[in-house]
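Everything below concerns the one structure shown next.
Chains as they are written, first to last, in the working numbering: chain A, 1 to 442; chain B, 443 to 884; chain C, 885 to 1326; chain D, 1327 to 1768.
Here it is in structure tokens:
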């Protein structure tokens, strides 16, 4: 039987009054505490990702691995993969998240043939099913890694070589089967190599058409096997490619609508990606929600002064409050959740850093949830916003709003009523109220 | 009668062998020279914009006006507006562009009432019609300025106040009427204030719905009066607002498709805006063209190290070659054109700088046209690209391409054929060939 | 006598328990409250700037003025300038800041001759002296506007024309005289046009040498008249020029050291500028302090997703805590202060918005001060950091630290002791502790 | 004996009239061709770097190795290292560059002890010396890799652990010895980990002081062994760390002057790094040259729309012309050179891509050299610039220039002469002339 992976770590407890230098306690996340009619756990639906937490080694473009784990001998054997999975579920159980996520290649080693690769995956999936049951953990989503293997260097579904496209298709068929088996509540596509490095060697139209056909095959297969999980696309503007087709929320929506795929997919928004696309942290979360397309969130952050993906743990309570405000306003994220697509820094080499990162982030999101709930319940901002648009409730405003006004109506109105008065937008007033909810209320 | 505005400037001549320090000659732009079956003039469809060239004063956020013109006394009178318009048409005639563009408020002063404003506009439109005829100049596009007046500070069609929306509607009704009268080949919408400064005071869904209704009114009125010009939306990510709803080409396409407006609009792409959205210079030109939505181009540039709109004259031949390659490949821009939405630097205070900027830019685009034509005619890159995707012509590739393949077909193929071989993307080879066409061929 | 400018606004009171939608109260800033041995007022040394708060009109590159004030008829007369100054001091008195700042041209209109300009300034300075005394307000710093007038379009001290350099010199002579008269505690140089738009027309060496000579003249004149204020340079990377010579803190330090001017100047750091230079918000504050060169702070913020100067009120408590931590650690900012180089948004057109912006920002900095003080007093982070570098206290580490070690010593040590063990950097642990101080402690 | 590594590649020939799709020929680089009194080879001093060209595997943060070479079995043995080095010198000989560069760890494998590591290095240095002699290749510079090994994750000379500092010192002692042995003309320091990920755990003053002491030890040891090569520091703003102390040229100069090290070091400027610091491509080359500190250039480029280091081959002739203009104006780069710190894209998997990248880049720089030389020889721009500053040749301008003017002199001048006239900066004129030299002249 298995040795404990984290012998020095006890299950993380809710201890709001712990001393300042204790960072292995929750001060705010209290899973069963009720907030606006649901438990914190139900609102937050925290998930730990397998890749960053159990496959990352600290390798970066300028340096080798820094992180070694007692349970991981670095080999590509099934034995090692199993030890790793036991460690992961021990981690989930001690941390207290109820969901996990993975790529196919995270949990099972690539074999020497396609057949062997699938057999490896099946064996690991069997173990995962057993550990899920044992620990009461569920699969938020699964995904296929269609970007790490050299075969995908020029793209997966957008590859100039149909043989590579076929590999991507074969992998996703298996991935959907496995997700179905493990009860995944969603299935994610992040097209890390679906884009281009240079327009000079690229046929954009062919590549985008092939991607659309790929997604149609996915929908057909999903329906065939009766998989009920939500399909999600995760936008990212660039990196590793110079330009990725799924640049941001609106770009993906344009693509889906162009190919009549929008009924079948929602978006998995990662704020670090949003920042890299030139938007504010919360922008794509809010925009996707407004478009009715927010499916799930990869809760992380970048540093705004950096131009690449750093996948840091989200530690900013103000940003968390904006995100949770949107989540509450759309009635929750289910079947999506808050997946920590975040990694400890490569300098954070201790196993306890892995806990601390998650704990700090969970507390940050919980603080945000509480602040957002209070803000929404008291209605201070909402009333002000509603008042701001009240002119659309009657008269010409109402006709504009319901689409029955004409340009001539507009002109007639203006000829009669002259110029409108100027109305302050009051940004500083709104910001000050928001700060009050973020900082002053417990 | 009018004094000449540019008495020291003769019509710009094509003199490819002029000495290096002469910058008031064309070395490459030779309007009637045939390139791939059309004259350069027909391919390039150069247009001069009224706002930057005849209304700009050099004012910037940190300093006052630097530019004064002999024909402009700075007053808001119709007399001054007319002197300005005569100067503009003298400029067009000497420069040799065949198109111009304007905002309603560029050519005629705002009056003390809506009625007077429209009368002012009518009077200036009459003069414009006469000068167009006299000089053989056509109107590439007109547009309404829905962002400068304080009434629009919180948006035009997306304003929280229906009264302001009405103003925007009234202005556009008049603008379409006027565009129709002057034979505009297109009509452009740039929503400079259609966006938000803070999400805290903003109802995204209301604002986007109102914008969509606004565009529907535009289509209805256009059809009513029989205006045949192409409607165009110009994306910009931000500035003056923190976030503009028309962020980039794909964002506008998402919006248009969401509201079933995509049949009625195309895009007017400005590369300086594209750069501000985090893309490469040519990205939105190429992407809009691939999506069948490229209507016209605002030919300018920014500096890649700056984060705001500088509207510089396009002086980079390599970038121009990429743009003109796309234009030729889609069969030309008509009824759109290359509109120089570019201004002389505020330090370039001489009237001759205004000519030099345009001349240098026209030569840059003409150099690009010649290089792109040669590249396309010789087919060097096109053959290589075609070869790169040849696997989609038969077998499984063909089924993927025509949408009849399934994920199971993909898996069967891979189980039979194993892993694909790795194929070089050859970026350096493509870049070197491209450089050869940009630099070595006359 | 003067009509009250803000008849509806009472002096802002400290009322920590005011309802959420009241934004004209301090919840945290309590001027006389003691924090680590000084009053909050002494630590924070708040200053209101004249330009944004009493000269801004809402003009931006895409639109005209939006802001009008009852006391300002828009004219360039001395009468108007005086009404404005009375309004400003009424504002200071009601807000409760003890310092103000101005540019020469903010307070007095440019005349038709240099002589008249100076007479205008003298007249306004007399009024300022009287109002300072009457209200107990002091001048944190004065500065000369060497960027707005068209004469400075190609630079002031770096202008290619010596005649323009002479204008800058003449203005600064008068500015120093006036600062001395009003008891300014500092004098600031922001070289908004000291840079270039294109390298092609620029002689870098000449321009930088002239700037250095300019600063030498300043030092000589300052000593001659016995002005004791601290001279400060304010870095900014770009805007309005493409490149500004005072790019960031380290660039200015390089310039000062190259020209042996570093004894005479310190830095006035503006975080919005720091962000535009690609650094994190607090970077130049921390770096300048580490270099012993932090003189004063222009307390404001930008939006990290924007590439131009927005001069927003600082509303982020976490960022404020980092800044105030640095300020406390260097023993305070005196004779510098926290100058709100911030403006209400152009959509915030009500006079009360001007108060709300300052109140929200003062509360933000006060929250930051309290959090930083608690963090420093408890020593939680400091102890951890000290421990992290403890190996430099003895042995080879000590020799390295005092500069007596050699490369051979290093090699000998490594040959004897082999490889070092890997030590976690614990970023997540530090971030979690920091969050605790920002959010949990009152 | 060794098998040929590139059996299909002949030495690259100068064939200006080769067909468009031949990319293994020089069209412009003709080593012995005279330009302004030197051969192209002497001006350009091309160098190939070992790390990107012979150690890169295509690994990136999202995918594994894509590049395999016939001569490299992937092992860390000395036999493999030797095969690699033979391949490298065959490459140099066929390409025709006369210089190379390397990190210590590029050419020799790390051993199990410090002693073994040094023995490995000695053995490889012996082979390098022999191959240098055999092929007539020289060492432009050597450097130590103080960033890849996990021991350096928290910094090398700025590490919180003195033991790690000692490792860095030991490595550099050996590196200088080896550089001396191989006749290196320079020695470079790039401090990839000298910076911080978070300010919270960092003592800036200690770290910068230790770095300064480190450089003092380097100078002492260099003088002790009589190594005559130029010491160089290579600025980079960020990546892999969030902030690197050597942010850009001016930051390094500030550091060097603060610690009186500026006599001993010059700068090795990499334009890709310059772009990441928010400057224009050529900025740090031009600025370092103006400050008398330009020692060598890492000739590469990034994509301006990307926020990380891509180390692409420089393919932009306009940018190359700006760089070579600076190089000619300072009288050449010797003992520095143009080192191609550039890598083939990870999708460019063929050995011929490695040649094509270098050939395309060498031709780009050669085109730039020819254009710059013609521009300088004809003096068109230089005369205009000189004229622009002519007011500093006499009168007050002369006194300003030689540092004898006072603020009072300035005022007296202005009171006498009034306001200066406005002089156009003529940016468009300069740009048009520059384009003419880049594009029209052969």
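Beta carbons: idealized from backbone N, C-alpha and C, even for Gly.
Since the structure is predicted, the reported quantities are computational estimates derived from the model, not experimental observations.
Contact between residue 1540 (chain D) and residue 1481 (chain D) does not hold, since the beta-carbon distance rounds to 11 Å and is not under 8 Å. In terms of Cβ geometry, residue 1105 (chain C) and residue 1077 (chain C) do not form a close pair [threshold 9 Å].
Taking C-beta separations shorter than 8 Å and ignoring five residues to either side along the sequence, the partners of residue 1258 (chain C) in its chain run 1321, 1325, following chain order.
Pairing residue 1605 (chain D) with residue 747 (chain B) gives a Cβ-Cβ distance under 9 Å.
Between the alpha carbons of residue 913 (chain C) and residue 1634 (chain D) lies a gap of roughly 42 Å. Between the stretch 502-512 of chain B and the stretch 776-791 of chain B, the count of Cβ pairs shorter than 8 Å is three or higher; the stretches touch. Taking 9 Å as the threshold, the shortest C-beta distance from residue 428 (chain A) to chain C falls below it.
Rounded to the nearest angstrom, the gap between the Cα atoms of residue 1582 (chain D) and residue 1138 (chain C) is 9 Å. Around residue 370 (chain A), the same chain offers no residue with a beta carbon nearer than 6 Å, after the five sequence neighbours per side are excluded. Annotated three-state conformation of residue 1129 (chain C) is coil, per DSSP. Of all residues in the stretch 254-272 of chain A, the ones placed with a Cβ closer than 8 Å to any Cβ belonging to chain B are 254, 255, 257, 258, in chain order.
In the three-state scheme derived from DSSP, where H, G and I count as helix and E and B as strand, residue 1645 (chain D) is classed as helix. Residue C:1072 holds the alpha-carbon nearest to the alpha-carbon of residue 1181 (chain C) among C:1268, C:992, C:1072, C:999. Going by C-alpha positions, residue 1021 (chain C) is about 25 Å away from residue 994 (chain C). Within its own chain, the residues whose Cβ lies closer than 8 Å to the Cβ of residue 615 (chain B), once the five positions on either side in sequence are excluded, are 663, listed in chain order.
When CB distances to chain C are screened at a threshold of 8 Å, the residues of the stretch 1434-1460 of chain D falling below it are 1439, 1440, 1441, in chain order. Taking 9 Å as the CB threshold, residue 1751 (chain D) lines the interface with chain C. Contact of residue 24 (chain A) with chain D is not assigned, every C-beta pair being separated by 9 Å or more. Listed along chain C is no residue with a C-beta nearer than 9 Å to that of residue 517 (chain B); the closest approach is about 16 Å. When the Cα atoms are used, residue 1608 (chain D) and residue 1708 (chain D) turn out to be separated by approximately 18 Å. Interface with chain B (9 Å Cβ-Cβ cutoff): residue 1395 (chain D) is excluded. Per DSSP, residue 524 (chain B) has no beta bridge partner at all. Between residue 233 (chain A) and residue 183 (chain A), the CB-CB gap reaches or exceeds 9 Å. For residue 708 (chain B), the enclosing beta strand (DSSP E) stretches over residues 707-711. Within the same chain, 71 come within 6 Å of residue 83 (chain A) by CB-CB distance, once the 5 residues on both sides are set aside.
For a Cβ distance threshold of 7 Å, residue set 306 of chain A lies close to residue 1564 (chain D), ordered along the chain. Between residue 987 (chain C) and chain D, the shortest Cβ-Cβ separation is not below 9 Å. Each residue's CA atom was taken as its position, placing residue 303 (chain A) and residue 205 (chain A) some 34 Å apart. Considering only D:1587, D:1444, D:1332, the residue with the shortest C-alpha distance to residue 1419 (chain D) is D:1332. Not flagged as an interface residue toward chain D: residue 1214 (chain C), since no C-beta distance is shorter than 9 Å. Burial check for residue 1403 (chain D): the Cβ neighbour count within 10 Å stays below 16, so the residue is exposed.
Shown in chain order are the members of the stretch 1025-1041 of chain C whose Cβ falls below 8 Å from a Cβ of chain B: 1031, 1032, 1033, 1034, 1036, 1037, 1038. Taking residue 898 (chain C) as the centre and dropping the five residues before and after it, the same chain places the C-beta of 910, 914 closer than 6 Å to its C-beta, in chain order. Residue 530 (chain B) and residue 572 (chain B) have their C-alpha atoms some 13 Å from each other.
Within the same chain, and ignoring the five residues on either side of residue 532 (chain B) in sequence, the residues whose Cβ sits closer than 7 Å to its Cβ are 446, 447, 448. For residue 1502 (chain D), the closest C-alpha among the options D:1524, D:1526, D:1470, D:1366 is that of D:1470.
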